[in-house]
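Student:
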Amino acid sequence: MKSKVFKLAEVLRGIDGEKAKFSLKYDDPEWFEGLDTNAKTKEDYMFRRAQDRIRTYYYKTREELLKNPTVPQDRLRSLVSDLHGRLKLVKFNGGYFDRRDRVNSICNLEGVFTCQGRWNKDKCLYSPQHTINPYVSREGRIVFQTWNLDHVVERARSV
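All residue numbers for the sequence shown refer to UniProt numbering, where the first residue is 1 and numbers rise by one.
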C-alpha cells in the first residue's frame with residue numbers, strides 16, 4: 001500500500017503546479033470537482049478537512065475511553081469535556097491544513113506538506129523525502145485524503 005501511495009505522489013509531482021497558487025473556486029473550478037461544499041476557496045475547504053480529521057480523532061478516542069470500565073467515568077468525562085472545550089477554542093485545529101495560517105499550518109505557503117515521520121521519531125526515515133501538495137490539483141487533493149501524516153495506518157483512513 002505504501003508503495004502505491006508513494007508512486008501516486010511521484011505522479012502528482014509531474015502535474016503542472018501553476019494552479020496551486022490559485023485560491024478561489026472561480027480560478028480553479030477543476031480542483032472543486034466532485035465536492036459537495038460551499039467553500040469559496042481551497043483554503044476554506046482544507047480548513048474544514050483538518051477540523052473533520054481532528055473531530056473524528058476526538059470522537060473515536062472518547063468512545064474508546066468511555067468503554068473502558070477500569071477508568072473512573074466521572075473523572076474521564078471531565079477530562080474529555082475539558083479536551084473538547086480546548087479543541088473548540090482552537091477551532092478544532094482547522095489551521096493545520098490552511099496554507100494561509102502561518103501560525104498553525106503544517107504546510108508551507110504554497111501548500112506543500114513534507115513528511116515529518118512517525119510521531120515517535122525525530123524525522124522521516126524514508127528516503128527520498130516525500131511531500132504532497134493538495135492545493136495543486138483535484139488529484140493531489142484526493143491523494144492527500146489518503147495520506148497518513150505519520151506513516152501509521154489508521155483503520156478508518158485506510159483505502
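C-beta: ideal position from N, C-alpha, C; glycine also.
Arg-62 lies in the alpha helix (DSSP H); which residues open and close that run?
Tutor: Residues 42 to 67.
Student: State the CB to CB distance for the pair Gly-111 and Phe-47, rounded to an integer number of angstroms; the pair is presumed to be in contact (CB under 8 Å).
Tutor: 12 Å between Cβ atoms; not a contact.
Student: Have a look at Thr-131, Asp-98, Asp-122 and flag the residue whose alpha-carbon is nearest the alpha-carbon of Asn-114.
Tutor: As written in the sequence, residue 114 is Thr, which differs from the Asn given in the question. Closest option to Thr-114, Cα to Cα, is Thr-131.
Student: Just the C-alpha distance for Leu-66 and Lys-60, rounded to the nearest angstrom, thanks.
Tutor: Between Leu-66 and Lys-60, the C-alpha separation is close to 10 Å.
Student: Once you ignore the five residues that flank Ala-39 on each side, which residues in its own chain have a CB closer than 6 Å to its CB?
Tutor: Around Ala-39: Tyr-45.
Student: State the DSSP-derived secondary structure class of Phe-113, mapped to helix, strand or coil.
Tutor: DSSP places Phe-113 in strand when its eight states are reduced to three.
Student: Considering Cα atoms alone, identify which of Lys-88, Arg-53, Arg-141, Asp-122 is closest to Ala-20.
Tutor: The candidate whose alpha carbon is nearest that of Ala-20 is Arg-141.
Student: Across which residues does DSSP place Leu-79 in a beta bridge pair?
Tutor: Paired residue(s): none; Leu-79 is not in a bridge.
Student: Identify every residue that forms a DSSP beta bridge with Leu-24.
Tutor: DSSP output for Leu-24 lists Thr-41 as bridge partner(s).
Student: Hey, how far is the Cα of Leu-35 from the Cα of Arg-100?
Tutor: Cα-Cα distance, rounded: 21 Å.
Student: Note down the Cα distance separating Lys-121 from Ser-127, rounded to an integer number of angstroms.
Tutor: The alpha-carbon atoms of Lys-121 and Ser-127 are separated by roughly 15 Å.
Student: Tell me which same chain residues have a C-beta within less than 6 Å of the C-beta of Glu-33, skipping the five on either side of it?
Tutor: Excluding residues within five positions, the ones whose Cβ falls inside 6 Å are Arg-138.
Student: Rounded to whole angstroms, what is the Cα-Cα separation between Asp-28 and Thr-56?
Tutor: If you take the alpha carbons of Asp-28 and Thr-56, they lie about 29 Å apart.
Student: Just mark Asn-68 as buried or exposed, buried being the case when its beta carbon has 16 or more other beta carbons within 10 Å.
Tutor: Flag for Asn-68 reads exposed.
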